[in-house]
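Structure first, then comments.
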Amino acid sequence: MAATTLRVRVGATPDSLVVCNPNDEAHPVPISGEHFEGHFLIRINNFQGVVPEGATRIPTCTYFEGHRRLMSIQFQGRFRQPWTANDLVWSNDWDRPLKVPKMMGLFTKFWSMSDPGAYSDLKIATPFMRSYAVTAMCTITSWPAASDTALTEPFHVSLFEDASALLPKEEGAAPPPPPSSAATGVIPPRGSSAASSVTPSPAPSKRAVPPRGASLAAAAADAEDVVRNWKLIERASRGGEDAVAARRKYFANEANRREAIFHPSKVYGMAGTLAYAVIKIPAVTINLSKMMRGQPFRTRLMTPDGRTVFCIIEVSQDAVAGDDDNDDDDFA
């Protein structure tokens with residue numbers, strides 16, 4: 444594929460996608476839709492693609508100093524109504540079948556090791572690779588909204604991990620010490636109540652206390668689960684890079700995702716990576732361009748059923764004339 448034909452578009456709906464200028468940290472792309480409003484910043488190292496009319500191409504930026512990744516996405520904004528963390532997934536999806544390489548299964552296993560919320564089906568007519576936002580993103584943070592619209596919020600070029608607002612404790616309070624038994628092992632619900640449109644999961648205390656007649660072994664296992672949960676909460680609450688793995692592991696649990704609420708009163712900032720052309724893991728390189736058979740690389744932040752879409756990122760390329768597409772040795 445020719446790098447000069449790379450085109451990145453972002454928007455709230457397929458009809459509102461606009462070409463963005465990667466690496467332009469001074470001008471993140473504003474988006475405003477029915478369910479979300481905010482700004483997007485796309486970074487691509489050694490970018491030589493299409494830019495908006497009148498814009499100057501920016502090949503790279505200081506972000507990539509010390510980072511081996513080739514592309515990152517960053518956004519900040521507000522959801523227009525409350526959603527649980529179980530409602531928000533990033534979905535890489537395609538409208539037609541893919542030419543799936545034999546080694547793709549190895550990659551998906553490698554992927555799930557770093558992202559426990561990941562799941563995929565690449566052999567169906569409309570393939571997808573998905574993960575919950577709270578486990579997929581490299582950085583998640585939030586702060587109180589300063590105005591009625593996220594579009595007037597100053598854009599933070601640098602984000603630092605702080606997912607404490609999504610964790611089950613009063614905002615600003617330190618987590619209590621881990622409980623010593625199932626009888627005292629109660630994880631308190633969030634201090635702020637969700638809006639009526641969100642149905643929270645049962646209180647964690649109901650999961651922590653074993654049912655009547657349960658064996659001592661089951662009670663001990665429940666107590667261990669509660670202690671393990673609190674240790675993850677404590678680690679994830681500290682912020683910084685070390686908290687990311689704890690946050691991902693904590694939110695790998697569906698019940699924990701259902702208790703975490705994204706509130707309209709807060710601005711959320713998230714950052715992550717995208718592999719739009721090539722996937723590299725130890726001893727394996729996968730050519731996504733060949734796998735997609737000319738389809739654009741599209742990722743959407745949406746609900747798991749796809750009925751509500753918050754934002755879309757689309758990366759497209761044109762085939763190089765004379766490109767040899769007959770090498771099927773690595774493909775099933």
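The numbers in the sequence shown follow my numbering, run straight up by one, and end at 775. Ideal placement from N, C-alpha and C gives every residue a C-beta, glycine not left out.
Have a look at residue i and residue j and give me their C-alpha separation to the nearest angstrom.
i    : j    : result
V461 : Y719 : 18 Å
M745 : T584 : 19 Å
P559 : P597 : 32 Å
W586 : P611 : 17 Å
D685 : A679 : 8 Å
R486 : S658 : 54 Å
P570 : Y562 : 11 Å
Q519 : A589 : 13 Å
Y575 : F550 : 18 Å
W537 : F507 : 29 Å
E468 : N535 : 24 Å
M580 : D458 : 26 Å
R450 : D668 : 47 Å
L594 : I516 : 18 Å
V752 : M572 : 16 Å
V721 : K552 : 17 Å
A410 : E677 : As displayed, the chain neither begins before 444 nor continues past 775, which places residue 410 out of reach and without an answer.
P525 : Q760 : 36 Å
Classify residue i: buried if its beta carbon has 16 or more other beta carbons within 10 angstroms, exposed otherwise.
i    : result
V600 : exposed
I567 : exposed
M547 : buried
T578 : buried
P495 : exposed
H470 : exposed
A498 : exposed
T582 : buried
P465 : buried
D776 : Residue 776 is absent from the structure shown; the chain starts at 444 and stops at 775.
N699 : buried
F603 : exposed
N672 : buried
K692 : buried
E477 : exposed
W482 : Correcting the residue identity first, residue 482 is His in this sequence and not Trp. With 16 or more Cβ atoms within 10 Å of its Cβ, H482 is classed as buried.
E702 : buried
G683 : exposed
R681 : exposed
Ordered along the chain, which non-local residues of its own chain (more than five positions away) have a Cβ less than 6 Å from that of residue i?
i    : result
M556 : none
I755 : G454 and R743
I501 : N466 and D467
W554 : A561
Whose C-beta lies closer than 7 Å to the C-beta of residue i among residues of the same chain, with five residues either side of it excluded?
i    : result
T592 : E480
V727 : M546, L549 and F550
Rounded to whole angstroms, how far is the Cβ of residue i from the Cβ of residue j, which I believe are closer than 8 Å?
i    : j    : result
R452 : E757 : 5 Å
R789 : P707 : Here the chain comprises residues numbered 444 to 775, so residue 789 is not present and cannot be evaluated.
T527 : I704 : 6 Å
N488 : T505 : Not quite, the Cβ-Cβ distance comes to about 11 Å (not below 8 Å), so this is no contact.
A608 : K709 : 6 Å
T448 : G492 : 7 Å
Please work out which residues of its chain come closer than 8 Å, Cβ to Cβ, to residue i, disregarding the five sequence neighbours upstream and downstream, and give them in chain order.
i    : result
T456 : G476, V752 and I755
Cβ contact check for the segment 528-536 and the segment 736-745: 3 or more pairs under 8 Å = Contact holds: three or more Cβ-Cβ distances are below 8 Å.
Counting Cβ pairs closer than 8 Å, one from the segment 726-738 and one from the segment 536-547, do we hit at least three?
-> These segments touch.
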